[in-house]
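I have placed the structure first, in the form of structure tokens, so that the comments after it can refer back to it.
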């Protein structure tokens, strides 16, 4: 494992340089909300956060994205595609959110069809992770194999230790970025910081509050689609908003529609959509395969805990805890998992 | 608050045992120390799940609409603000009076759960909460915490119009004094003072964050349309494209759609994942209703006509 | 109410006009329309909600 | 070379429009770039995304068999916003097509077998591609008898009248059965619902595959009839529809359990469907 050190005093220099060479996307604070945005200088970055309100998945799957513009008169048709993605650095993303991007990869890049919009952003982006220094009461990344200092999916992983950042170089892309900006990386020995990081990871691993036990849950969901559990509490209290899906770093559903900008011109747009909305599956003829909140709630949790596993051999949840914090009625995926585990045990 | 919890449970148990209702909708302990979650109790044995305290922010009246066509009667636990929703739903003929039993609880204010969670150890569990007038004491497994209402309460509670339920078949606990806060519209007035450009910049900044998750709409107890204009695809009045223009249209339309019906429960504000001050839009309407038509808050009395649904000769005539 | 709300979120006063005009009041309609167009012209192009999309 | 991963459609020009019923039209289209058609490689049972600019996209099955020529046919029922606009279009006008998507009827596995098609109303459209494929000069010898049992509410609701009355009956070793739900003065043929008619015709399950498409209620009552006649679940093939947006297995909405109808379907055997949640 290759590693380097960045002294804290050097960080703003590095970020300013990155902002010049790339589109730099980093966490920023807007009033009470932390979200990822393009920044032009290091001072806009807000790194003292534990979990942003919105995940950085928008870097690769923007909430709203133009697929092409058209000019159409009925007899003539012209289509103009947007420019391809710019070179970007995503700085300061948390390990769970980066892991989430790796769960999106097979959706957009695997199987039969790729997705040029996602792929071009993915290829052109260097992901610099930032280890967590705290664990929230809603965090449970450990349950899905992640961890507060886990570098999975990142090109570089920064871990704050004292007045230094311990920087792990995980990919060639990361190495290239380090090489191109070597003046900001110290060449001192990283042995001590490597040990410190291990310690930090161990300490944080012991701080999780949410106890999540997935034993038997997948098997239960495999065996029975019509569990009586889905008739219980969660769907009754769900108000059917899309908050959980929009703050979720692994939700990838989208809608495609046309946005007319003139009589004969318009843009084809894709934007996030939510399986919690009744219109999501409503067909033009009026039939809806998931007509009530019960079917929709079931689908969401089945997707996270079963469907994504079935299709891509990856869990559809990374344990960031956003849906728990943001749900207006406190529907908690960890409770659902533990409830299902109990159902499985009693079956 | 243990005493109130006990009384709520007893009342619910009695209603279920006597088959007066088939379902009780109330507050239960949530999965975070400082949160409750709506619970749906259908048997007398289940009432132990009910709780009460300073973490019962949700307005449960919204759920009544789900049961309007279901067989049987429903009991519901409401605070002062929630009770206005019940009246609005009755006035809108969304539910029938003989189908519901209202358990009213005078409310000493609700705390912002995240502010509380920030101060309590993550692994603590809740033991008890005590109302001390200006503060709440939250007793936990890892120690007691005192939270000043002024600093930790939801903003809506700081200018609470009436803590007492205005409709209730049973009232739990003592009525609380009604404080007519002079600063009820202070935030709105502050914004009104700004210049046009500043106002525009302020709201542009807020609206640009909007995710269009529609939590504010879905949580709203007076949003009862079966097909919402924002979901309608034929014609598509408002595009799903998330940009400042479409977001602005969404927020103005949403606010104006509930004008004259909004009961000022502040749920839209509470649930917004992006902390957009949605209630400030509704409060502007409330303020204008008061200034122009001397109209009380919708739902604050039974049988009130909607200010925007009636005409009187004294109304200002700005468009003749 | 709507006018006040629009102004509150930063639209210039005068961008929205509402008038009660009966189908028989042709002259009132014409003069109102003149008034509105004059007003709008004097306000100049609207800048609110004119963001370039994306 | 068509790139189906791009969400960008290819322009097509309408060359022919047939009014099937008052609300169903069949559009024949040709790609403006003939190379696209040469490389399209659509197989019977697959679908396309049709783009009507200003309205968006809709999933429509390809009605025509690739054996019939360098064009595509889409049979479209007027049900929503997009199809409404499509119905107002005229010959010579353009819209967009991307595809082909989804799986196809297992025509290889069906070789050497008799085919028994059941279609109800407008839903003959998705299976017509396979009927014409099996009846094409090129592949006719691969299959045994080709029978089509078709039912509509009334004479006015019958689609593909030309195929049913003229074209198919004249071909070698075919059997065409048509029925309408209620008696009508100008109708000399069979009267009655599809499931009952299937029972009357009583196809033998021996070396035969049944391909069914129709409204859910018809399918629901027809399946037991086939079971009674001795058909195994593997011998019954159907095709599903779902709301779709990308048709690439990404936008999420068309899943039935872990399967996406747009890439894993729309063609499923009854045996496969039995192993899936009833959420369609």
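Residue numbers (our numbering), protein chains in the order written: chain A, 14 to 360; chain B, 60 to 379; chain C, -19 to 34; chain D, 397 to 676. Idealized CB from N, CA, C, for every residue including glycine. Keep in mind that this is a model prediction, so the values were computed, not measured.
For residue 430(D), the number of other beta carbons within 10 angstroms of its own is below 16, and it is reported as exposed. With a threshold of 7 Å between beta carbons, residue 298(A) makes contact with chain D.
Contacts between residue -15(C) and chain B, judged by CB atoms closer than 9 Å, involve 311, 314, 315, 318, 340, 343, 344 and 347 in chain order.
The beta-bridge partner set that DSSP reports for residue 190(B) consists of 195(B).
Ranked by Cα distance from residue 154(A), the options 214(A), 193(A) and 105(A) are led by 214(A). In this structure, residue 93(B) and residue 176(B) form a Cβ contact; the two beta carbons are roughly 5 Å apart against a cut-off of 8 Å. Beta-bridge partners assigned by DSSP to residue 108(A): none are found. Between the region 75 to 86 of chain A and the region 48 to 66 of chain A, the count of Cβ pairs shorter than 8 Å is below three; the stretches do not touch. Per DSSP, reduced to three states, the secondary structure at residue 116(A) is helical. Where residue 276(A) is concerned, there is no enclosing beta strand (DSSP E), because DSSP gives it neither an H nor an E. For a Cβ distance threshold of 8 Å, residue set -13, -12, -11 and -10 of chain C lies close to residue 258(B), ordered along the chain. Distance check between residue 324(A) and each of 653(D), 674(D) and 675(D) places 653(D) closest, using alpha-carbon atoms only. Between residue 492(D) and residue 271(A), the C-beta spacing is not below 7 Å. The alpha-carbon of residue 56(A) is positioned some 40 Å away from that of residue 326(A).
With respect to the 7 Å criterion, residue 159(B) and residue 127(B) are not classified as neighbours on the basis of their beta carbons. Residue ranges of uninterrupted alpha helix (DSSP H) with 4 or more members, entirely inside the region 234 to 267 of chain A and ordered along the chain, are 246 to 250 and 256 to 260.
What residue -18(C) touches in chain B, judged by beta-carbon distance under 7 Å, is 315, going in chain order. The shortest CA-to-CA distance from residue 407(D) to any of 90(A), 25(A) and 30(A) is the one to 90(A). Under the DSSP assignment, residue 327(B) falls in the alpha helix (DSSP H) whose first and last residues are 326 to 330. Going by C-alpha positions, residue 143(B) is about 28 Å away from residue 305(A). Rounded to whole angstroms, residue 166(B) and residue 73(A) show a C-alpha spacing of 46 Å.
Under the Cβ criterion (8 Å, minimum of three pairs), the region 250 to 264 of chain B does not count as touching the region 211 to 231 of chain A. Close to chain C, meaning a Cβ-Cβ distance shorter than 8 Å, are the following residues of the region 361 to 376 of chain B: 367.
Leaving aside the five residues that flank residue 573(D) on each side, the residues in its chain whose CB is nearer than 8 Å to its CB run, in chain order, 543, 544, 545, 546, 586, 593 and 597. Along the region 621 to 645 of chain D, the beta strand (DSSP E) occurs as fully enclosed runs of 3 or more residues at 632 to 635, listed in sequence order. Distance from the CA atom of residue 118(A) to the CA atom of residue 331(A), rounded to whole angstroms, is 14 Å.
The continuous alpha helix (DSSP H) containing residue 307(B) extends over residues 303 to 316. By the C-beta criterion, the region 113 to 127 of chain B is judged to be in contact with the region 169 to 187 of chain B, since at least 3 inter-stretch pairs fall below 8 Å.
The straight-line gap separating the alpha-carbon atoms of residue 636(D) and residue 477(D) is approximately 21 Å. The Cβ atoms of residue 537(D) and residue 458(D) lie no closer than 7 Å to each other. Listed along chain A is no residue with a C-beta nearer than 8 Å to that of residue 535(D); the closest approach is about 25 Å. Fully enclosed beta strand (DSSP E) runs of no fewer than 3 residues occupy 406 to 417, 420 to 427, 443 to 448, 452 to 457 and 468 to 473 of the region 404 to 483 of chain D, in order along the chain.
For residue 209(A), the CB contacts under 6 Å within the same chain, skipping 5 residues up- and downstream, are 174 in chain order. Contact annotation: in the region 197 to 222 of chain B, no residue has its CB less than 8 Å from a CB in chain A. For chain D, the residues of the region 92 to 115 of chain A that bring a beta carbon within less than 7 Å of one of its beta carbons are 92 and 94, in chain order. Here residue 139(A) is near residue 190(A), since their CB atoms are less than 7 Å apart.
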